[in-house]
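Heads up: the sequence shown is residues 588 to 847, going by our numbering.
Every residue, glycine too, gets a C-beta built ideally from N, C-alpha and C.
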Amino acid sequence: MLLAFVLGISRGHLLARDGVDVEAEGRFAVLVDERVGTGRPVAYLIGSREFWGLDLLVDERVLVPRPETELLIERLAQLLAEGRVPRGPLVDRGTGSGCLAVAASAWRPVLALDVEADALQVARANAARHVARGRVQCVQGDGLASIAPASVAAVLANPPYITASEFAALDEDVRVHEPRRALVADEESVPALYTRLLAESLVVLLPGGWWLSEVGAGQAEQVAALARAAGLAEVAIRPDLAGHGRVVEGRRPEPSPPPG
Ligand SMILES: C[S@@+](CC[C@H](N)C(=O)[O-])C[C@H]1O[C@@H](n2cnc3c(N)ncnc32)[C@H](O)[C@@H]1O
Numbered sequence: 588m589l590l591a592f593v594l595g596i597s598r599g600h601l602l603a604r605d606g607v608d609v610e611a612e613g614r615f616a617v618l619v620d621e622r623v624g625t626g627r628p629v630a631y632l633i634g635s636r637e638f639w640g641l642d643l644l645v646d647e648r649v650l651v652p653r654p655e656t657e658l659l660i661e662r663l664a665q666l667l668a669e670g671r672v673p674r675g676p677l678v679d680r681g682t683g684s685g686c687l688a689v690a691a692s693a694w695r696p697v698l699a700l701d702v703e704a705d706a707l708q709v710a711r712a713n714a715a716r717h718v719a720r721g722r723v724q725c726v727q728g729d730g731l732a733s734i735a736p737a738s739v740a741a742v743l744a745n746p747p748y749i750t751a752s753e754f755a756a757l758d759e760d761v762r763v764h765e766p767r768r769a770l771v772a773d774e775e776s777v778p779a780l781y782t783r784l785l786a787e788s789l790v791v792l793l794p795g796g797w798w799l800s801e802v803g804a805g806q807a808e809q810v811a812a813l814a815r816a817a818g819l820a821e822v823a824i825r826p827d828l829a830g831h832g833r834v835v836e837g838r839r840p841e842p843s844p845p846p847g
């Protein structure tokens with residue numbers, strides 16, 4: 588990836604190529620030294636990362652989008668195709684690079700929220716690059732407080748779900764280079780994080796609207812129980828390609844028809 592970046596060609600073209608010039612070799616060596624010496628992730632070194640077929644700008648202000656997060660988009664696409672999502676806009680809570688918002692905007696307008704102004708600059712740049720003006724609206728805010736009640740068709744979230752103690756055990760590449768606020772929740776525990784996210788989501792969701800959240804390894808059953816306790820219906824766990832529960836979903840119940 589680093590050599591393809593230096594040469595300005597795709598990885599496929601790189602395989603078909605025979606040799607590189609000295610100048611490119613020198614620039615490649617500098618990047619390899621930085622990767623090996625400092626552990627800086629490749630996505631930051633080359634300034635981009637692919638997500639859902641989109642080439643997204645990334646730097647140290649945002650989390651590098653992970654392939655397993657595409658599962659949220661896959662599930663949203665399924666629900667939309669089945670006609671099970673009420674009319675209305677979508678919300679991406681904690682947008683970071685804007686990966687979820689930009690991908691989801693193929694179907695609906697998206698409100699992309701983040702508490703970090705720095706991260707929103709990256710999300711805005713990605714929206715400007717890939718999306719028609721106004722289709723993704725980037726707004727700074729803590730949680731979902733800025734959204735009108737019962738106004739959104741789905742809340743997508745990939746919250747910072749690593750606890751402070753797990754953070755210490757993370758790979759150095761992640762711990763040193765990726766933004767701490769994108770990884771570690773403000774809340775003191777995983778239940779506290781999801782309890783708040785669920786409560787805020789239930790306020791802003793339209794009846795029949797969907798809550799779709801990524802969860803950390805081993806958290807799915809606990810989060811599904813919290814989702815049921817919060818009052819969501821149709822709660823389910825969706826596994827990633829490795830078979831680990833990765834997305835928890837649920838639906839704000841429709842009001843029951845009056846008796847008689
Ligand atoms: C795990 S990252 C996810 C980024 C991106 N959505 C993705 O999937 O790659 C979590 C994001 O949530 C943001 N965040 C953390 N606490 C927040 C809060 N209280 N309200 C809104 N956003 C928050 C962080 O700044 C970070 O960008």
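Next item on the list: Could you tell me the distance, in whole angstroms, from the CA atom of Ala630 to the CA atom of Pro842?
Entry: Residue numbering aside, residue 630 sits at position 43 when the sequence shown is read from its first letter. Residue numbering aside, residue 842 sits at position 255 when the sequence shown is read from its first letter. Using only the alpha carbons, I get a separation of about 46 Å.
Item checked: Start-end ranges of the alpha helix (DSSP H) lying completely within the segment 706-778, minimum 4 residues -> 751-755, 759-764, 767-770
Next item on the list: With DSSP collapsed to three states, give me the class of Gly670.
Entry: The count along the sequence shown starts at 1 and reaches residue 670 at position 83. Coil at Gly670, not helix or strand.
Check: In the segment 773-813, which residue ranges form an unbroken alpha helix (DSSP H) of at least 4 residues, counting only runs that do not cross its ends?
Finding: 777-791
Next item on the list: Entirely within the segment 637-686 and at least 3 residues each: give me those beta strand (DSSP E) ranges in chain order.
Entry: 641-644, 677-680
Check: What's the gap between the Cα of Leu641 and the Cα of Val791?
Finding: To locate residue 641, count along the sequence shown from 1; it is residue 54. To locate residue 791, count along the sequence shown from 1; it is residue 204. Their Cα atoms are separated by approximately 29 Å.
Check: Mind checking whether the beta-carbon of Arg833 lies closer than 7 Å to any heavy atom of ligand 1?
Finding: If you number the sequence shown from 1, residue 833 lands on position 246. No, Cβ of Arg833 sits at least 7 Å from all heavy atoms of ligand 1.
Notebook entry, point to check: Is any heavy atom in ligand 1 found nearer than 7 Å to the beta carbon of Gly730?
Noted result: As a working note, residue 730 is residue 143 in the sequence shown. For ligand 1, at least one heavy atom lies less than 7 Å from the Cβ of Gly730.
Check: Say the cut is 7 Å; is the CB of Cys725 nearer than that to a heavy atom of ligand 1?
Finding: The residue labelled residue 725 in the question sits at position 138 within the sequence shown. No, the Cβ of Cys725 stays beyond 7 Å of every heavy atom of ligand 1.
Check: Is it right to say Ala751 is buried, meaning 16 or more other beta carbons lie within 10 angstroms of its own, or is it exposed?
Finding: Translated into positions along the sequence shown, residue 751 becomes position 164. Answer is exposed; the Cβ neighbour count stays below 16.
Item checked: Pair within 8 Å by beta-carbon distance, Pro747 and Leu731 -> The residue labelled residue 747 in the question sits at position 160 within the sequence shown. The residue labelled residue 731 in the question sits at position 144 within the sequence shown. Going by C-beta atoms, Pro747 is not nearer than 8 Å to Leu731.
Margin query: How far does the beta strand (DSSP E) with Ile824 in it extend, from its first residue to its last?
Written below: Here residue 824 refers to the residue found at position 237 when the sequence shown is read from its first residue. 820-826 is the extent of the beta strand (DSSP E) around Ile824.
Notebook entry, point to check: On the three-pair Cβ rule with 8 Å, is the segment 642-654 touching the segment 707-721?
Noted result: yes
Notebook entry, point to check: Just to check, is the beta-carbon of Ala811 closer than 7 Å to a non-hydrogen atom of ligand 1?
Noted result: Locating residue 811 in the sequence shown gives position 224, where the first residue counts as 1. No.
Check: Sorry if obvious, but does the Cβ on Thr782 come closer than 7 Å to a heavy atom of ligand 1?
Finding: Counted from its first residue, the sequence shown places residue 782 at position 195. Thr782: no, Cβ never under 7 Å from ligand 1.
Checklist line | Cα-Cα separation between Arg838 and Gly796, rounded to whole angstroms | finding: In the sequence shown, residue 838 corresponds to position 251, counting from 1. In the sequence shown, residue 796 corresponds to position 209, counting from 1. Roughly 6 Å separates the two Cα atoms.
Checklist line | The beta strand (DSSP E) enclosing Glu612, as first and last residue numbers | finding: In the sequence shown, counting from the first residue as 1, residue 612 sits at position 25. Not the beta strand (DSSP E): Glu612 falls in the alpha helix (DSSP H), residues 609-625.
Next item on the list: Buried or exposed for Gly830, please, with buried defined as at least 16 other CB atoms from any protein chain shown within 10 angstroms of its CB.
Entry: Working through the sequence shown from its first residue, we reach residue 830 at position 243. Result: exposed.
Check: Going straight from the alpha carbon of Val651 to that of Pro844, what length do you get?
Finding: In the sequence shown, residue 651 corresponds to position 64, counting from 1. In the sequence shown, residue 844 corresponds to position 257, counting from 1. Each residue's Cα considered, the two are about 45 Å apart.
Notebook entry, point to check: ligand 1 heavy atoms versus the CB of Asp646: any closer than 7 Å?
Noted result: One-based indexing of the sequence shown puts residue 646 at position 59. No, the beta carbon of Asp646 sits no closer than 7 Å to any heavy atom of ligand 1.
Item checked: Gly599 - DSSP class collapsed to helix/strand/coil -> Here residue 599 corresponds to residue number 12 of the sequence shown, with the count starting at 1. DSSP places Gly599 in helix when its eight states are reduced to three.
Next item on the list: Closer than 6 Å by C-beta to Ala737: which residues in its own chain qualify, once you throw out the five before and the five after it? Chain order, please.
Entry: As a working mapping, residue 737 is identified with position 150 in the sequence shown. For Ala737, where only same-chain residues beyond five positions count, the Cβ hits under 6 Å are Leu793.
Margin query: Within a Cβ cutoff of 6 Å, which residues of the same chain sit near Val810, ignoring the five residues on either side of it in sequence?
Written below: The sequence position of residue 810 within the sequence shown is 223, counting from 1. Excluding sequence neighbours, Val810 sits near Tyr781, Val802, Val835.
Next item on the list: Take Ile596 and list the residues in its own chain whose beta-carbon comes closer than 8 Å to its own, dropping the five residues that flank it on each side.
Entry: As a position in the sequence shown, residue 596 is number 9, starting the count at 1. Here the set comprises Arg604.
Notebook entry, point to check: Quick one: what's got a C-beta closer than 8 Å to Leu589's C-beta in the same chain, skipping five residues either side?
Noted result: Counting from one through the sequence shown, the residue named residue 589 turns up at place 2. Only Phe615, Leu618, Val619, Arg622, Val629, Leu632, Ile633 meet the Cβ criterion.
Item checked: Through-space distance from Ala735 to Val872, alpha-carbon basis -> Residue 872 lies beyond the stretch modelled for the chain, which goes from 588 to 847, so this question has no answer here.
Item checked: Residue from Gly685, Leu658, His717, Val742 whose Cα sits closest to the Cα of Leu677 -> Start at 1 with the first residue of the sequence shown, and residue 677 comes out as number 90. Leu677 has its Cα closest to that of Val742, out of Gly685, Leu658, His717, Val742.
Note to self: Given 7 Å as the limit, tell me if Arg767 has its C-beta closer than that to any heavy atom belonging to ligand 1.
What the structure shows: Along the sequence shown, read from residue 1 onward, the residue named residue 767 stands at position 180. It does not: the Cβ of Arg767 is nowhere closer than 7 Å to a heavy atom of ligand 1.
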